[in-house]
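Numbering (the UniProt record's numbering), first residue to last: 1 to 133. Using N, Cα and C, we set each Cβ at its ideal position, and we do this for glycine too. Before any comments, here is the structure.
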(Lines of atoms letter the chains of each structure in order from A and count residues from 1; the text may use other names and numbers.)
(Lines give C-alpha, C1' and ligand atoms only; values in the text may rest on other atoms or scores of the structure.)
Protein backbone atom coordinates (compact mmCIF):
# COMPACT_ATOMS: atom_id res chain seq x y z
CA UNK A 1 0.00 0.00 0.00
CA UNK A 2 1.59 3.31 -1.05
CA UNK A 3 2.10 6.13 1.43
CA UNK A 4 0.15 9.33 1.14
CA UNK A 5 2.03 12.58 0.45
CA UNK A 6 1.70 13.61 4.10
CA UNK A 7 3.09 10.27 5.28
CA UNK A 8 5.95 10.49 2.79
CA UNK A 9 6.89 13.99 4.04
CA UNK A 10 6.77 12.78 7.66
CA UNK A 11 8.89 9.77 6.77
CA UNK A 12 11.50 11.95 5.02
CA UNK A 13 11.55 14.34 7.98
CA UNK A 14 12.14 11.48 10.42
CA UNK A 15 14.84 10.09 8.13
CA UNK A 16 16.67 13.44 8.00
CA UNK A 17 16.49 13.90 11.77
CA UNK A 18 17.87 10.40 12.37
CA UNK A 19 20.69 10.96 9.88
CA UNK A 20 21.75 14.13 11.74
CA UNK A 21 21.78 12.50 15.18
CA UNK A 22 25.40 11.48 15.98
CA UNK A 23 24.40 9.28 18.91
CA UNK A 24 22.02 7.30 16.70
CA UNK A 25 24.63 6.99 13.94
CA UNK A 26 27.24 5.61 16.37
CA UNK A 27 24.70 3.18 17.83
CA UNK A 28 23.80 1.87 14.37
CA UNK A 29 27.47 1.62 13.38
CA UNK A 30 28.30 -0.28 16.58
CA UNK A 31 25.59 -2.86 15.88
CA UNK A 32 26.49 -3.27 12.21
CA UNK A 33 27.97 -6.76 11.68
CA UNK A 34 30.03 -5.53 8.71
CA UNK A 35 31.83 -3.10 11.02
CA UNK A 36 32.79 -5.93 13.37
CA UNK A 37 33.83 -8.20 10.49
CA UNK A 38 36.07 -5.47 9.05
CA UNK A 39 37.66 -4.93 12.45
CA UNK A 40 38.30 -8.68 12.89
CA UNK A 41 39.94 -8.84 9.46
CA UNK A 42 42.21 -5.89 10.28
CA UNK A 43 43.21 -7.46 13.60
CA UNK A 44 43.91 -10.77 11.83
CA UNK A 45 46.07 -8.99 9.24
CA UNK A 46 48.07 -7.34 12.02
CA UNK A 47 48.59 -10.65 13.80
CA UNK A 48 49.67 -12.28 10.50
CA UNK A 49 52.32 -9.57 10.11
CA UNK A 50 53.44 -10.09 13.71
CA UNK A 51 53.65 -13.86 13.10
CA UNK A 52 55.71 -13.25 9.98
CA UNK A 53 58.05 -11.02 11.95
CA UNK A 54 58.36 -13.71 14.62
CA UNK A 55 59.05 -16.32 11.95
CA UNK A 56 61.79 -14.23 10.33
CA UNK A 57 63.31 -13.30 13.69
CA UNK A 58 63.34 -16.96 14.74
CA UNK A 59 65.05 -17.89 11.47
CA UNK A 60 67.65 -15.11 11.77
CA UNK A 61 68.69 -15.98 15.33
CA UNK A 62 68.51 -19.69 14.43
CA UNK A 63 65.87 -20.65 16.98
CA UNK A 64 63.55 -23.14 15.26
CA UNK A 65 60.89 -23.21 18.04
CA UNK A 66 60.47 -19.45 17.73
CA UNK A 67 60.17 -19.67 13.94
CA UNK A 68 57.63 -22.51 14.24
CA UNK A 69 55.65 -20.47 16.78
CA UNK A 70 55.59 -17.56 14.32
CA UNK A 71 54.31 -19.86 11.59
CA UNK A 72 51.59 -21.26 13.87
CA UNK A 73 50.51 -17.73 14.82
CA UNK A 74 50.31 -16.81 11.12
CA UNK A 75 48.35 -19.94 10.27
CA UNK A 76 45.86 -19.49 13.14
CA UNK A 77 45.35 -15.84 12.28
CA UNK A 78 44.78 -16.64 8.61
CA UNK A 79 42.19 -19.27 9.58
CA UNK A 80 40.49 -16.72 11.84
CA UNK A 81 40.43 -14.18 8.98
CA UNK A 82 38.89 -16.68 6.56
CA UNK A 83 36.28 -17.72 9.12
CA UNK A 84 35.42 -14.08 9.84
CA UNK A 85 35.12 -13.32 6.13
CA UNK A 86 32.80 -16.31 5.56
CA UNK A 87 30.68 -15.34 8.56
CA UNK A 88 30.40 -11.79 7.22
CA UNK A 89 29.26 -13.08 3.82
CA UNK A 90 26.52 -15.36 5.17
CA UNK A 91 23.17 -13.73 5.94
CA UNK A 92 22.56 -13.06 9.60
CA UNK A 93 18.86 -13.65 10.16
CA UNK A 94 18.87 -11.99 13.57
CA UNK A 95 20.09 -8.72 12.09
CA UNK A 96 17.59 -8.79 9.24
CA UNK A 97 14.75 -9.76 11.55
CA UNK A 98 13.08 -12.06 9.04
CA UNK A 99 13.37 -15.53 7.76
CA UNK A 100 14.99 -16.54 4.53
CA UNK A 101 15.74 -19.87 3.01
CA UNK A 102 19.42 -20.56 3.15
CA UNK A 103 20.97 -22.49 0.33
CA UNK A 104 22.51 -25.76 1.28
CA UNK A 105 26.26 -25.62 1.45
CA UNK A 106 28.09 -27.30 -1.38
CA UNK A 107 28.55 -30.94 -0.61
CA UNK A 108 26.08 -31.12 2.28
CA UNK A 109 22.86 -33.11 2.55
CA UNK A 110 19.63 -31.88 4.09
CA UNK A 111 20.60 -33.58 7.33
CA UNK A 112 23.94 -31.77 7.40
CA UNK A 113 26.11 -34.79 6.67
CA UNK A 114 28.82 -34.55 4.05
CA UNK A 115 27.85 -35.90 0.63
CA UNK A 116 30.19 -38.01 -1.43
CA UNK A 117 31.11 -37.13 -4.98
CA UNK A 118 28.75 -39.80 -6.34
CA UNK A 119 25.86 -38.54 -4.19
CA UNK A 120 26.35 -35.02 -5.56
CA UNK A 121 26.44 -36.34 -9.14
CA UNK A 122 23.21 -38.28 -8.56
CA UNK A 123 21.55 -35.14 -7.21
CA UNK A 124 22.65 -33.18 -10.25
CA UNK A 125 21.37 -35.93 -12.54
CA UNK A 126 17.94 -35.91 -10.85
CA UNK A 127 17.72 -32.10 -10.98
CA UNK A 128 18.71 -31.70 -14.64
CA UNK A 129 16.16 -30.25 -17.09
CA UNK A 130 13.86 -32.83 -18.64
CA UNK A 131 14.89 -32.10 -22.24
CA UNK A 132 18.50 -33.24 -21.72
CA UNK A 133 18.33 -37.02 -21.68
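request  = To the nearest angstrom, report how far apart residue 137 and residue 78 are at their CA atoms.
outcome  = This structure leaves residue 137 out entirely; the chain is present only between 1 and 133.
message = Determine whether the beta carbon atoms of residue 18 and residue 11 lie at a separation below 8 angstroms.
response = Here the question's residue 18 lines up with position 18 in the chain shown. Here the question's residue 11 lines up with position 11 in the chain shown. For residue 18 and residue 11, no; Cβs fall outside 8 angstroms.
ask   = Whose C-beta lies closer than 7 angstroms to the C-beta of residue 41 among residues of the same chain, with five residues either side of it excluded?
value = Taking the first residue of the chain shown as position 1, residue 41 is located at position 41. Around residue 41: 81, 84 and 85.
query = Is it true that the CB of residue 58 sits closer than 8 angstroms to the CB of residue 52?
reply = Counting from one through the chain shown, the residue named residue 52 turns up at place 52. Counting from one through the chain shown, the residue named residue 58 turns up at place 58. The answer is no: Cβ separation not under 8 angstroms.
task = Ignore the nearest five residues each way along the sequence and tell me which others in residue 87's own chain have a CB closer than 8 angstroms to its CB.
result = If you number the chain shown from 1, residue 87 lands on position 87. Taking C-beta separations shorter than 8 angstroms and ignoring five residues to either side along the sequence, the partners of residue 87 in its chain run 37, following chain order.
query = I think residue 55 touches residue 71, with their Cβ atoms under 8 angstroms apart; what is that distance to the nearest whole Å?
reply = Position 55 of the chain shown holds residue 55. Position 71 of the chain shown holds residue 71. With 8 angstroms as the limit, residue 55 and residue 71 qualify as a contact, their Cβ atoms being about 5 angstroms apart.
request  = Kindly indicate the opening and closing residues of the alpha helix (DSSP H) around residue 119.
outcome  = Residue mapping note: residue 119 aligns to position 119 of the chain shown, counting from 1. 117 to 126 is the extent of the alpha helix (DSSP H) around residue 119.
request  = Starting from residue 3, trace the alpha helix (DSSP H) both ways and give me its first and last residue.
outcome  = The residue labelled residue 3 in the question sits at position 3 within the chain shown. Neither: residue 3 is in no alpha helix (DSSP H) and is coded neither H nor E.
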